[in-house]
Amino acid sequence: MLRIWKATINSRNGLAFAFRSEQAVREEIFALILSLPVAWFVAATATRAVELVCAVAFVLVVELLNTAIEKLADRLTMDHDKQIGRVKDMGSAAVGVALLMAGAFWIIAVIERLGFL
């Protein structure tokens, strides 16, 4: 139980640091909180509502990983390094793909709710 407690504290600390230091994390946490009630109005079923919230949570997960990559890369060197730039770009691309996926889920749910699917 002690290991689980320490892991929980580490996770809370990481989320708090990311929240304080990254505007994108703050925006995605806001989107996640907003998605909780909105998903129940948009979704045709409870399962779909959970899927919609999970899609937004997935974007936050990818953003946290991207933030970790960027912080580590900046710790290695603040000089412009082409390889590190590519790594950061790939992390950013991962966030972009996650956003597109979440957007697609929400659009499909709205279309489904309107009765077109």
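Residue numbering for the sequence shown is 11 to 127, as defined by the working numbering.
Positions of the beta carbon are idealized from the N, C-alpha and C atoms, including for glycine.
Query, Result
"In angstroms, rounded to a whole number, what distance separates the CA positions of ARG36 and ILE43?", "11 Å"
"For PHE126, which of helix, strand or coil comes out of DSSP?", "coil"
"Is the Cβ-Cβ distance between ALA83 and ILE94 less than 7 Å?", "yes"
"Return the chain-ordered ranges of every alpha helix (DSSP H) run that is complete within the segment 30 to 72 and spans a minimum of 4 residues.", "33 to 52"
"Roughly how many angstroms lie between the CA atoms of ALA59 and ALA49, to the nearest whole one?", "5 Å"
"State the CB to CB distance for the pair ALA112 and ALA65, rounded to an integer number of angstroms; the pair is presumed to be in contact (CB under 8 Å).", "4 Å"
"Buried or exposed, going by whether 16 or more other CB atoms sit within 10 Å of the CB of ALA103?", "exposed"
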